[in-house]
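Everything in the sequence shown is counted per this note's numbering, starting at 953 for the first residue and increasing by one.
Comments concern the structure below.
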Amino acid sequence: FLLCPPRSLLPLPPSSPEPQVGASYFYTAISDPSQGLPQFVVVGYVDGQAFVHYDSHSRRMQPRVSWMEKYVGKEDPQYWDSQTQALRADEETFRVDLETARNRYNQSEVDLLLWGRKGITSLPPQKKGAGGS
């Protein structure tokens, strides 16, 4: 494998008087994954727990914790569709980045791995007794 550096790192948002929870999204793209593995995966974490997931097999952003599914469904019914569309665009960008890296480094026969961390997002604090999973 030839490891390539992250394609983008976004700065942390400025501190706010409102209580916030930070979420990080980790992106991984592999040029030629082993049989059965997705070529592109994004996992969102909050407080060390995976709360959303997207991969090139499902091509959908999906919740990984019940509180996310319940909160988002009520507050923003279009959230899952809009995030899925954005991640499909990111998937294509990573696919192009993999090809560019192969060409730039003249590594047509080497498997490549791209990774990155994108953004920190503010989520509303989870209320006590909200029943996280």
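From the three backbone atoms N, C-alpha and C, an ideal C-beta is built for every residue, glycine too.
The secondary-structure analysis by DSSP pairs residue 1029 with nothing; it has no beta-bridge partner. At the C-beta level, residue 1003 and residue 1020 come within 9 Å of one another. Assigned with DSSP and collapsed to three states, residue 1040 falls in helix.
Residue 995 has its alpha-carbon roughly 15 Å from the corresponding atom of residue 989.
Three or more Cβ pairs closer than 8 Å define a contact, and the stretch 1041 to 1052 falls short of that threshold against the stretch 1020 to 1032. Between residue 1013 and residue 1036, the gap from beta carbon to beta carbon is short of 9 Å.
Secondary structure note for residue 1009: it is in no beta strand (DSSP E), with a DSSP letter that is neither H nor E. In this model, residue 1006 and residue 1033 are separated by some 12 Å (Cα to Cα). Counting along the chain, the unbroken beta strand (DSSP E) around residue 993 starts and ends at 992 to 998.
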